[in-house]
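Remarks on the structure that follows.
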Amino acid sequence: MRHTDDGPAAPTAALEDLVRERLAERVGRDLARSITREDKFFELGIDSLDIVTVLATLERECAVERIADGELWDVADSVGALVRHLSEHGRLPGEAR
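What follows is the structure, given as structure tokens:
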């Protein structure tokens, strides 16, 4: 995880906000805001097409290499998993590498 003057929590919070914004565009704001970091998307009725669409947008925005299709549910099964993946492999939009 990258550290800033605000400490390590700042990038994580910003990434979580970004994940929830992109998820809301696909499944609706109420659902995107109501799920916890560890709620499993599949159990909430959010299907793989929704997640692939959200993930593709986040991969572009955060300059993350595309994951293999077989890794989808390992990398992107919850808000927390997406935030972890992006914080380990990407950057916030506008953040220098």
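Using my numbering, read the sequence shown as starting at -17 and increasing by one per residue.
From the three backbone atoms N, C-alpha and C, an ideal C-beta is built for every residue, glycine too.
As the structure is a prediction and not an experimental result, all values here were calculated from the model.
Fully enclosed alpha helix (DSSP H) runs of no fewer than 4 residues occupy 54 to 57 of the segment 38 to 63, in order along the chain. Three or more Cβ pairs closer than 8 Å define a contact, and the segment -1 to 8 meets that threshold against the segment 31 to 43.
The DSSP-derived three-state label of Leu74 is coil. The beta carbon of Glu43 lies closer than 6 Å to those of Pro75 in the same chain, with the five residues before and after it left out. The residue among His71, Pro(-7), Ala(-4), Thr18 with its C-alpha nearest the C-alpha of Glu47 is His71. If you ignore the 5 residues before and after Ala(-5), its C-beta comes within less than 7 Å of no other C-beta in its own chain. Collapsing the DSSP output to three states places Arg19 in coil. When the five nearest sequence neighbours on each side are left out, the beta carbons in the same chain lying within less than 8 Å of the beta carbon of Leu26 are those of Leu13, Ile17, in order along the chain.
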